[in-house]
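Residue numbers (this note's numbering), protein chains in the order written: chain R, 5 to 342; chain B, 13 to 138.
The beta carbon of each residue, even a glycine, is placed where N, CA and C say it ideally should be.
Written out as structure tokens, the structure reads:
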């Protein structure tokens with residue numbers, strides 16, 4: 005089966021994607037040779053870095069499932085890198101096994117206090133290393149399973165809540181915008197009633213795929229039933245609107261197999277950190293996006309509304325202008341024919 | 013390939029003789045190629061250690077010793093790890109006369125490395 009990569013910050017490691025990525029960061033080539041030999045035959049993809057600086061770059065590139073980290077290195081040391089990883093929202097959940105010849109109890113204690121998953125002393129043996137690596141990867145896989153929606157493979161509500169806290173903190177720290185979108189499939193109950201739940205599930209899966217087809221940085225979650233949420237980091241309401249409009253159009257354009265007359269549409273509510281007010285929390289952002297979704301439903305469904313009334317007026321004017329332009333073109337075309 | 017670092021075995025006794033030291037992974041096919049690389053590099057590592065020791069480059073010297081301490085046992089040479097650990101322990105105490113302090117340990121360490129290199133031609137390593 006082909007490995008399936010899920011979007012969002014974390015790549016899921018499941019039965020469908022069975023090759024976890026392990027990154028070893030150590031300034032000794034001797035250790036890299038050993039790790040490669042000891043772990044060959046294990047079901048994993050091993051990458052290496054010989055400094056913490058290079059290691060951090062590779063973490064951002066590869067988004068590994070596990071990091072094996074030496075402590076005593078020149079330049080940035082392993083503890084400093086561990087601190088940096090645990091402070092980053094996209095890296096804090098990557099398990100780190102410290103592999104070090106610093107064998108003092110204080111070093112171990114410090115590592116565990118800083119969030120290391122395990123500590124393996126050098127020189128290590130193959131069985132100890134394998135057991136440590138397998139254990140960390142197993143824990144990571146279990147963690148993923150509890151945070152995923154079984155039907156669509158999207159992140160679930162529990163993950164969404166946890167991730168929103170992190171993203172709001174990150175947006176605040178870097179003074180950058182953050183948008184939240186709530187999406188609800190229009191008249192989904194009717195789809196289920198008319199075509200049975202099996203087809204309803206098929207619709208949910210298809211829409212999940214469309215939602216995932218957006219930008220790699222966006223985090224897509226199934227909130228409940230036919231309701232989805234999208235976290236759009238570094239995105240203001242205008243930029244978010246463009247993203248959501250593309251998704252809305254793509255959903256409406258789906259041709260459903262054996263159901264030529266069926267049109268499935270979705271409505272969207274969007275808000276951003278600037279439009280929510282002073283108290284930006286996961287709850288206030290969700291409430292704002294959800295209220296906007298209600299506006300979208302009240303306005304006839306299959307559209308996008310935001311928490312900002314001013315922005316809604318602008319968007320309505322833009323939609324009106326678009327419709328007017330297409331009518332004018334049609335009229336001109338008809339005049340040419342006559 | 014078997015797990016477990018054997019700190020001592022029949023072929024790898026802690027001794028002060030000049031007999032060659034062979035890896036405790038001597039007959040381990042999976043380890044053969046990397047042990048060969050490790051052994052090939054030993055003359056360079058001895059030269060690097062001696063150079064940093066001679067030029068009093070304490071940081072470089074510490075790093076080289078630390079790396080051999082971490083890796084030696086993993087390649088089946090527990091004596092390398094033990095000797096390197098002894099030097100590292102002494103280096104951890106700030107001491108302007110560190111070279112005199114560890115001269116004896118350094119000599120022993122180099123001897124161990126030379127004995128390990130001498131074990132290169134023992135059947136199974138090449």
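{"query": "Determine, using beta carbons only, whether residue 35/R comes closer than 8 angstroms to chain B.", "result": "yes"}
{"query": "Using alpha carbons as the reference points, say which of 126/B, 41/B, 114/B lies closest to residue 68/B.", "result": "114/B"}
{"query": "Does the segment 146-155 of chain R come close enough to the segment 174-190 of chain R to have 3 or more Cβ pairs within less than 8 angstroms?", "result": "no"}
{"query": "Here's a check: name, in chain order, each residue in its chain whose Cβ is nearer than 8 angstroms to the Cβ of residue 165/R, leaving out the five neighbours to either side.", "result": "286"}
{"query": "Kindly list, in the order they appear in chain R, the residues whose Cβ is closer than 7 angstroms to that of residue 78/B.", "result": "76, 105"}
{"query": "Under the three-state reduction of DSSP, which class applies to residue 59/R: helix, strand or coil?", "result": "helix"}
{"query": "Less than 8 angstroms between CB atoms is the rule here; does residue 11/R satisfy it with respect to chain B?", "result": "Summary for residue 11/R: the model assigns pLDDT 35, below 50, so the residue's position carries little reliability, and this model does not support an answer."}
{"query": "Measuring CB to CB, does residue 190/R end up less than 8 angstroms from residue 208/R?", "result": "no"}
{"query": "Under three-state DSSP, which class holds residue 13/R?", "result": "Here the model assigns residue 13/R a pLDDT of 35, short of 50, so the residue's position is not dependable and the matter cannot be decided."}
{"query": "So residue 309/R and residue 235/R are in contact, right, with Cβ under 8 angstroms, and what is the actual spacing, rounded?", "result": "In fact, because the Cβ distance is near 18 angstroms, the residues do not count as touching under 8 angstroms."}
{"query": "For the beta strand (DSSP E) that residue 38/B lies in, which residues bound it at each end?", "result": "No beta strand (DSSP E) holds residue 38/B; DSSP gives it neither H nor E."}
{"query": "Quickly, what does DSSP pair residue 237/R with across the bridge? List them, please.", "result": "182/R"}
{"query": "Could you please give the first and the last residue of the uninterrupted alpha helix (DSSP H) stretch that includes residue 176/R?", "result": "161-177"}
{"query": "At a cut of 8 angstroms, does the segment 103-114 of chain R reach the segment 42-50 of chain R through at least three beta carbon pairs?", "result": "no"}
{"query": "Rounding to the nearest angstrom, what Cα-Cα distance links residue 41/R and residue 248/R in this structure?", "result": "48 angstroms"}
{"query": "Determine the extent of the beta strand (DSSP E) in which residue 52/R is found, giving its start and end residues.", "result": "49-53"}
{"query": "Would you be able to state if there are at least three C-beta pairs under 8 angstroms between the segment 204-219 of chain R and the segment 136-149 of chain R?", "result": "no"}
{"query": "If distances are taken between C-alpha atoms only, which option among 226/R, 221/R, 90/R, 195/R comes closest to residue 237/R?", "result": "221/R"}
{"query": "Give me the Cα-Cα distance between residue 50/B and residue 63/B, rounded to the nearest whole angstrom.", "result": "19 angstroms"}
{"query": "Touching or not, the segment 80-94 of chain B and the segment 121-140 of chain R, by the rule of three or more beta carbon pairs under 8 angstroms?", "result": "yes"}
{"query": "What did DSSP end up calling residue 115/R once you bin it into helix, strand or coil?", "result": "helix"}
{"query": "Check the Cβ-Cβ distances between residue 51/B and every residue of chain R, and say whether any is below 8 angstroms.", "result": "no"}
{"query": "What are the boundary residues of the alpha helix (DSSP H) that residue 129/B is part of?", "result": "110-130"}
{"query": "Give a yes or no on whether 8 angstroms exceeds the smallest Cβ distance from residue 99/B to chain R.", "result": "no"}
{"query": "Our contact map puts residue 127/B next to residue 32/B with C-beta atoms below 8 angstroms; I'd like the distance itself, whole angstroms only.", "result": "6 angstroms"}
{"query": "Please report the residue range of the alpha helix (DSSP H) in which residue 84/B lies.", "result": "70-84"}
{"query": "Are there 16 or more other CB atoms within 10 angstroms of the CB of residue 73/B, so buried, or fewer, so exposed?", "result": "buried"}
{"query": "Using 8 angstroms as the Cβ pair cut-off and three pairs as the minimum, do the segment 317-329 of chain R and the segment 272-291 of chain R touch?", "result": "no"}
{"query": "Is the CB of residue 126/R under 8 angstroms away from at least one CB in chain B?", "result": "yes"}
{"query": "Where residue 90/R and residue 36/R are concerned, what is the direct C-alpha to C-alpha distance, given to the nearest angstrom?", "result": "24 angstroms"}
{"query": "Quick check on residue 270/R: does DSSP put it in helix, strand or coil?", "result": "strand"}
{"query": "Sort 86/R, 92/R, 57/R by Cα distance to residue 71/R and report the nearest one.", "result": "86/R"}
{"query": "Thinking C-beta only, is residue 77/R closer than 8 angstroms to residue 3/R?", "result": "An answer regarding residue 3/R cannot be provided, because it is not within the stretch 5 to 342 covered by chain R."}
{"query": "Specify the secondary structure class of residue 152/R as computed by DSSP and reduced to three states.", "result": "strand"}
{"query": "Quick one, which of 277/R, 39/R, 266/R has its alpha-carbon nearest residue 198/R's?", "result": "266/R"}
{"query": "Can you confirm whether residue 54/R, when its beta carbon is compared against all beta carbons of chain B, has any partner nearer than 8 angstroms?", "result": "no"}
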